[in-house]
Every structure is written in C-alpha cells, then in structure tokens.
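K.L.:
One structure coming up, written as structure tokens, with questions to follow.
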Amino acid sequence: MPKKIWKSAMAIVALAVSGAITPAIASAESSIVIGLQQEPTSLDPTSDATASIDGMLAQNVYESLTTVNQAGEVLPQLAESWTVSDDGLNYTFTLVKGATYHDGTAFDAQDVVFSFDRAMAEDSVNPSKGLFKSIESVSAVDSGTVEIKLSKKDAFFLFNMAQGDASIVASESYETNNATPVGTGPFKYDSWTRGDKLVLAKNANHRNAGSVALDRVEFKFISDAAAASAALLSEEIDAFPGFPAPELLPQFEADPRFNVVVGSTEGEVILAMNNSKPPFNDVRVRRAINHAFDRDEIIDGAMYGQAVPIGSFYPPHGPAYVDLTSTYPHDTEQAKALFEEAGVAGSTMTLRVPPFPYATRSAEIIQAQLAEAGIDAKVENVEWGFWIDEIYKKQNYDMTIIAHTSPNDLGNFARGPKYFYGYDDADYNDLWNRISSEVDPEARNALLQEAQQYLTGQAVHGFLFQLPQLGVYKTGVDGFWPSRAVLFQPLAGVTMN
Amino acid sequence: MGYFLLRRTISFIVTLFVVSAVVFAVMNILPGDPALTILGLDATDDALAALREELALNDPVITRYGQWVWGALRGDFGVSHSFRVPVSELVVERLPLTISLAISGMVVTVILALVLGIGAAAHHRKAGDWGVMFLSQLGIAVPAFWLSILLVLLFAVKLRWLPPGGFPGWSEPLGAIRALILPTVALALVQAAVLARVTRSSALEVMRLDYIRTARAMGFSRQRVLWRHVLPNALIPIVTIVGLQFAALVTGTIVIENVFYLPGLGRLIFQSIANRDLPSVQALVMLFAAIVVTANFIVDLLYLAIDPRLKARS
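Those sequence lines, one after another, are chains Y and Z.
Numbering follows my numbering, with no gaps: position 395 of the first sequence is 395.
Quick note, my numbering runs 1000 ahead of the 1-based positions in the second sequence.
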C-alpha cells in the first residue's frame, strides 16, 4: 500500500514540476510585477494612512488637482492650470477637459467640491486632515473651474493637494473605494486578492493613455525580506522599489540580471528624546547624547553603509538642506563631561524601539556607544501597536528610534507639548508659522535653513540618517524614481524592455 | 455513545465561550489603538475621534463584548476594523488555502512517519534504523522557517522547479499544487520527524508481544505482519500525537504563510493582531480553537474505532 501512495505522490510531483519547465509564452502585452513589503488593508488613501496605498494608487488610479515630480516640484494634474490672488489666499483652478472616472461617470468641479468637503467635514476620517486646515471654502465657479479660499497663506498648499489624501473621488463611488477603487487615473483597478496581490490595468480612456507603456501592473505583497529576495532571484517579480534588507543587496549588485538603485526617501531617522521628561529636558544631556553616538558606525552597522547621515530634521536631497552633521562630533570624552555636568553620569535610560530593522539595529549600536560614555541604556524592543500607544500617545519613554517619512515635517516640532517629542518652544513655533506662510521659495528656503540650525542647536533629538530607498529592478525595467519626495510613484512613465 | 457526544458538544461550546472572553479581554488590555494604527501618525485629534466613533470603540468593553456575542450567536462576526468588510468574508477568502496546507501537511507527515517509523522498527538496531533516528533528530532540531528558506533557495532560486511563494488560487489547480509543494514539505518534515520516532517506539513495543511471534511462526510474511498486525495495534499513541500535530500544523501555517507569502489565515491573524483589529482577531482565534477542538474530537472517535474495548467501556 505505501508503495502505491508513493508512486502516485511522485506522479503528482512530476506533473507539477513539469509545469515549471514549459517556457513562458511571450506576450505582446507589457506587464510588470512589483514587489511591496507593506500589505494594505484598504485601497482608499483618503481614509487609511498605510503608505503603500498611496504608493500603489495615488496618481495611478486616483488623481489629485496637482501632482509632483521626483524633485518635489508641483505640476498640473486634474487642474490643468491655476491662478493665485495677490494676497495668496484665493486659488482658481481650471480643470482638465475630458477626464472621466473608471466607472464611466464624468469628472467635473462638483467632484472636487465633494472630495474637499468630505475631507474637511467634522466626521472626516482623512488621515491627513491637517493638510486641509488652511482651507476656508471650496466652490465650483462652473463645471470646469474651482475656487479655493484659504484662511491664511499656506506655502505647502499646492504640494499638499498632490498627495493621495487629497485624491479627487466621486460621490457615486467613494463608499466602496476601500475595496474597489474608482478614480480618474491612467490605471484602473482590476482585482485584489487580499494578502496576495493587487492588479491594475491600463485605462485606455485616459487623456494621456498614449504615453503609458504598461498594460498591466501587478503588486505582490511580500513582507519577509528573505522571501522578497528569493522572489526576485527566481524572477517571479520584476521590481522591488522599496527593498527591505540592505544586507542582501550585494548579491543583486553582483548579478547582471538586476539593477540596484540606492536613492533617498523623505524619512529622517531620529533618536527621539522625551524633551518633557528629566533628564532630557536638560539641553546638556541631549547634547551629550549627540556627542556620544557615532553616525558612521550606526550607518555601517545598521544599514550596511547604505544611508546618508543627517545633522538635523531635513532631507539631504531637499533644496534648503544645510549640512549640520559636524555640530556635535563623535567625542566620548566630551559626552562624559556633559553627562557629569548635568549630574546624570552613570545613570540608566531606556531605549524603546519599534520592530523595524533600521531601528532595532541602530539601537544596539547606540546602546554600545552610550555605554562607552558611561550611560547604561536598556534597549526594549516593542511591537508597533505598543509603540503607538505607549510612546506616541502616552509619551511613556526616555528615548526611541523612528523614521519620519512625511515631506515638509519640520512642523512636527511645533506640535506642542502633547506631541510625543514633548518639545514646546515659542520661538520655534513662531519660526514654523513664518515658514508655513512664506510663499516665496527663496525666502522659505532661508527660513527652513534657520529652522534646521535652530533644532540642531537645541539638540532636540539625535538626528541619525536619511532612510534610503533601496530599489532592485530587473534589467530593462525603467522609469522608477530613485528617490521620492512623496509617498507615491507614478507608473505612467515606467517601461519594460 | 450519545452521552459521549453530548458531553463533547457541551465542552466544545464552553471552550469557545472561554476563548472568546479571553481574547476580548487580552485585546483590550494590550496597549494599542486601532484608530491611530489606521490613520497614522499625522492624524488630527478630531479625525481620530470620528473614527473611534465610527468603529464604536468608545462603548464600554462589556457592551461591546455583549454585542459581539449576540452577533456571533446569529452568525454575524462583525466588520473588520482595518479591512472594513465583514470578517466572515475575509475568512471565506482565506480558509481554502490554510485548510489545504494543513491537510496536505498532515497527509505527508503521516505517510512519511509511518513508512519511516515502521521501517526503522523493522530494521531495529541496523543501519536503516540509525539512519531514520539520525534524520528525525535533525528534523526535530531544524526550525520550520529556516528549512523553508533552504527549500526556496534550492528548489525555487537554484533549480527553478517550483515557485518561491505565492498562491494562484484553486482556479488554477496545477499552479495551486505547485505553490503548495514547498510549504507542505517545510511544514511536514519537522512534524514527520516527531511522528516517525513515536511510530518506531510504539511499533517496537508491539513487536515484542507474543502474538506477533505467533503470526510470524504461522508463516505470514514480514510485510504483512508489519502492516496488518503491528501497525493497527501501535496506532493509539500515533493517533494521539497526530491530533496534537494537526493543531500545531494549523498554527504552524502562521510562520509558513509569512515565509512563502501565502494569503492564508495565518498571515491574516498576524496582520490583524498588529493592527489591533479586534473583530478579526476574535473570529480567527475562535476558528483556530474550533479546529483544534474538532481535531481532538476526531481523535477520540478514532480511539473508539481503533480499540473496540474503549467502546465497550464508554
């Protein structure tokens, strides 16, 4: 009896394996499989903050009034042009003609009004409701023109309106966007197997359909780094724009089948200190910690050398960047002296880290570096839900390590004492107010530099490095942005050879 | 028999009830905030408040539990907080994969273990026996996730015989079978190693008994004696372990589904716990508990089938 079973089992295996040997049938259709680490639970960027929703769908399935390019410059999208009143408070948008939703309904000014009113409403659950807070009213002048009145000047308004949270949705379909998204973009929803993959198809009716190369896009969700690596090596996927493991890159760099592209994200990785709590309310302690750690060692050990150090809270690829990494040179003796002066030499501090490799690995190195400076740092690895509740909501921590991935987030330091930094500084609040209402780019960049210098001077946190964007692409895949100023990645410009 | 069934049904219901209360309590004690998890770190206070209202998170725990029980009794397991679709829909989507994986894992485990275990017993203290004992020791020591990675590197990356992960669904039967081979082997090898040792020692014990010697003396072939006389009488401990292993296989899919990126229940429960998605966690833990309790029940029924003496006693 066992022999029989064995035989039939072998037959099944042989049958199954033979499928692998059959050569793939070449198709004229241009199709790409993109690996993603983060699996979304919803497909609606206007009600869920999961970054991969924006990453897959913003400016691909959904469109916004504006869009941005790789460098972060604002470009027209559903608004083909706009004018701004002299006082900077009135924006008049002229909408594109001929845009339609994927379900066939027409796009017009009423959809814009509906989307904004919904995002701004009292019961709105928009994850970035703050983006809309400078808006006073949104009205349709006619079917092709929208007027938006601001209550105060907003330097980031046009940039913010490009984000997935400001997608223009239709009143007919918004309720089911979480599972079957309907937008006006160059790609339309095809199918979604939760936990497995999302498939998009080219929208032949899009106004720019002629310039879209891909016919089919499949996003495959692979959270495990080793599995992601295996999927690439066995050519099951063509691109992994946010590859999770820097330590696995060398094998792809050595393999002619792949291109490895190391770019930058908007994510500043910081060693956050609880500024409201002793001893971190003492600037000497914060400076001592800044002297105690060694960025190069952290980047080598935690990121395998694949990251750019930062000295403040602003990305090195941004137009207003100032290099402040040498403000507090790595100097264990000076750190010891400052700890001594502040009366905390030899004390114990906790470092609670969320379950992200960049954070857990950095924590171990920082722990060793603090030990050299005479501080006993207890590393506690916590789960993400715990982090959100205990550290973010309740400020129950000494130090933590976290990446802030939003663009233009210097405003975090002006969020008051209830924000988890516990940082409250009237001078900085005033500076941020000036930044956010300065519409002249030159003047704003000067203020942004002032803000970076100010925060570094206060040593609010330890500023560690900019989170890299590690992309692994099959040779022939082109058009992915190496670095991004936003969460989304337009696929209209992506090609496969 | 009727009394036996009644007692089992009551303990089934009580178990599920206790499990539901424990899960509800644990999920509420655990630090975390579903609204903040969904809306992210840039969310404004009023948006968070609006979402908490929408998800009814502001109601007292007892009220929410009561509502949940009332719904569950009528077959309504609620709407997932993070997916915003009925939990039953999520479970129905993913159940076929996890069940296929657990069953195929169990079948491979049992076949491998019986063949190796009985074979080892038949060649007691010879090379074959030592070989099986050594391999099973290795199998017990190797973690399933590590074995998975090795299997993927060899069969998917190097030889390209099988896919490294993913599941195309049962609408593509051939693709589905191919996708399940490596995860099944990864799940089964470790369990088979344990079961083979149990089979071997149980068989050895039976082989020492007089009636086996008698059977051999009467001229029955070695194979016939092994499979017809030794095995059935060695089955009680084997079935006990298989019952426990089925539970381990079902929960073991949580790890395996992550390594092979399979969209099954294991990955769903992992994600739901991370998202503090109480309705999903609640329903999934209940389902896992129900599967385990059912497996134990089947084991008890098998005892009766294997050993008629037990039937007489009950």
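Ideal placement from N, C-alpha and C gives every residue a C-beta, glycine not left out.
Grab me the residues of Y:M120's own chain with a C-beta within less than 6 Å of its C-beta, minus the 5 sequence neighbours each way, in chain order.
P.N.:
Closer than 6 Å at Cβ, skipping near neighbours: F132.
K.L.:
Counting only Cβ pairs nearer than 7 Å, list the residues of chain Y close to Z:K1156.
P.N.:
Reading off the sequence, residue 1156 of chain Z comes out as Ala, not Lys. Those within 7 Å of Z:A1156 in chain Y are A230 and S234.
K.L.:
Can you pull the chain Z neighbours of Y:R434, defined as C-beta to C-beta under 7 Å?
P.N.:
The premise fails here: Y:R434 is roughly 21 Å from chain Z at the closest Cβ pair, so nothing lies under 7 Å.
K.L.:
Kindly list the residues whose CB is nearer than 7 Å to the CB of Z:A1247, restricted to its own chain and excluding five residues on each side of it in sequence; keep chain order.
P.N.:
Taken in chain order, the residues that qualify are V1292 and A1295.
K.L.:
Are the CB atoms of Z:Y1065 and Z:F1004 within a distance shorter than 8 Å?
P.N.:
No, the pair does not count as a contact, with Cβ atoms beyond the cut-off.
K.L.:
With C-beta atoms as the reference, is Z:P1096 less than 8 Å away from Y:A227?
P.N.:
Not in contact: Z:P1096 and Y:A227 (Cβ atoms no closer than 8 Å).
K.L.:
Any beta carbon of chain Y sitting closer than 8 Å to that of Z:V1018?
P.N.:
Not closer than 8 Å to any Cβ of chain Y, the Cβ of Z:V1018 fails to qualify, so no.
K.L.:
With a 10 Å radius around its C-beta and 16 neighbouring C-beta atoms as the bar for buried, classify Y:K152 as buried or exposed.
P.N.:
By the neighbour-count rule (16 or more Cβ atoms within 10 Å), Y:K152 is not buried but exposed.
K.L.:
Name the two residues that bound the continuous beta strand (DSSP E) containing Y:F219.
P.N.:
Residues R216 to F221.
K.L.:
Is the shortest distance between the beta-carbon of Y:S173 and the beta-carbons of chain Z less than 8 Å?
P.N.:
Not one chain Z Cβ lies under 8 Å of Y:S173.
K.L.:
Extract the residue ranges of the beta strand (DSSP E) inside the stretch 1009 to 1053 of chain Z, only unbroken runs of 3 or more that lie entirely within it.
P.N.:
With a minimum length of 3 residues, no continuous beta strand (DSSP E) run stays inside the stretch 1009 to 1053 of chain Z.
K.L.:
What is the DSSP secondary structure of Y:M349, reduced to helix, strand or coil?
P.N.:
It is a strand residue.
K.L.:
Between Z:G1252 and the rest of its own chain, which residues show a CB-CB distance below 7 Å, the 5 nearest in sequence each way excluded?
P.N.:
A1144 and L1187.
K.L.:
Hey, quick one: how far does the alpha helix (DSSP H) through Y:F187 stretch, first residue to last?
P.N.:
No alpha helix (DSSP H) contains Y:F187, which is instead part of the beta strand (DSSP E) from F187 to T193.
K.L.:
Interface residues of chain Y around Z:T1044 at Cβ under 7 Å?
P.N.:
Neighbours of Z:T1044 on chain Y, chain order: K129 and G130.
K.L.:
Y:A403 and Y:E297: beta carbons closer than 8 Å?
P.N.:
Not closer than 8 Å, so no.
K.L.:
Mind checking Y:P23: buried by the 16 CB within 10 Å criterion, or exposed?
P.N.:
Since pLDDT at Y:P23 reaches only 40, below the 50 mark, its modelled position is unreliable, and the value read off the structure follows with that caveat. So Y:P23 ends up on the exposed side.
K.L.:
DSSP on Y:W82, reduced to helix/strand/coil?
P.N.:
DSSP places Y:W82 in strand when its eight states are reduced to three.
K.L.:
What does Y:K393 reach in chain Z if we use C-beta pairs closer than 8 Å?
P.N.:
The contacting residues are D1033 and L1036.
K.L.:
Just to confirm, is the Cβ distance from Z:V1281 to Z:M1027 under 8 Å?
P.N.:
It is a contact, given that the beta carbons lie within the stated cut-off.
K.L.:
For the stretch 290 to 317 of chain Y, which residues have a CB atom closer than 8 Å to at least one CB atom of chain Z, in sequence order?
P.N.:
Taking 8 Å as the Cβ-Cβ cut-off against chain Z, none of the residues of the stretch 290 to 317 of chain Y qualify.
K.L.:
Among residues of its own chain, excluding the 5 on either side of Z:V1157, which ones have a beta-carbon nearer than 8 Å to its beta-carbon?
P.N.:
Around Z:V1157: P1164.
K.L.:
If contact means a Cβ-Cβ distance below 8 Å, which residues of the stretch 1161 to 1181 of chain Z contact chain Y?
P.N.:
Of all residues in the stretch 1161 to 1181 of chain Z, W1161, L1162, P1163, P1164, G1165, G1166, F1167, G1169, L1174, G1175, I1177, R1178 and I1181 have a Cβ within less than 8 Å of some Cβ in chain Y.
K.L.:
Whose CA, out of Z:Q1271, Z:E1205 and Z:L1302, lies closest to the CA of Y:E383?
P.N.:
For Y:E383, the nearest C-alpha among the options comes from Z:Q1271.
K.L.:
For the pair the stretch 1194 to 1202 of chain Z and the stretch 1111 to 1119 of chain Z, tell me if three or more CB-CB distances fall below 8 Å.
P.N.:
Cβ pair count under 8 Å is three or more, so yes.
K.L.:
Excluding the 5 residues flanking Y:D478 on each side, which residues of the same chain have their C-beta closer than 6 Å to its C-beta?
P.N.:
Hits under 6 Å: T495.
K.L.:
In this structure, how does DSSP classify Y:V261 when only helix, strand and coil are distinguished?
P.N.:
Here Y:V261 sits in strand by DSSP.
K.L.:
Just checking my contact of Y:Q452 with Y:V322 at CB under 8 Å: how many whole Å lie between their CB atoms?
P.N.:
Confirmed, about 5 Å.
K.L.:
If we define contact as Cβ-Cβ less than 8 Å, is Z:F1083 a contact residue for chain Y?
P.N.:
True, the Cβ-Cβ gap to chain Y drops below 8 Å.
K.L.:
Quick check: what's the CA-CA separation for Z:L1262 versus Y:E235?
P.N.:
Z:L1262 and Y:E235: Cα-Cα distance of roughly 17 Å.
K.L.:
Which class does Y:A231 belong to by DSSP, given the choice of helix, strand or coil?
P.N.:
If DSSP states are grouped into helix, strand and coil, Y:A231 belongs with the helices.
K.L.:
Taking only beta-carbon atoms, is Z:R1371 less than 8 Å away from chain Y?
P.N.:
Because chain Z here runs from 1001 to 1314, residue 1371 of chain Z falls outside it and cannot be looked at.
K.L.:
Look at Z:L1151 and Z:V1107 and say whether their C-beta atoms are less than 8 Å apart.
P.N.:
For Z:L1151 and Z:V1107, no; Cβs fall outside 8 Å.
K.L.:
Is the Cβ of Y:R118 closer than 8 Å to any Cβ of chain Z?
P.N.:
Answer no: the Cβ-Cβ gap between Y:R118 and chain Z never drops below 8 Å.
K.L.:
Can Z:L1006 and Z:A1102 be called in contact, C-beta distance under 8 Å?
P.N.:
Cβ distance not < 8 Å, so Z:L1006 and Z:A1102 don't count as in contact.
K.L.:
Express the C-alpha separation of Y:V146 and Y:G98 in angstroms, rounding to a whole number.
P.N.:
Approximately 16 Å between the Cα atoms of the pair.
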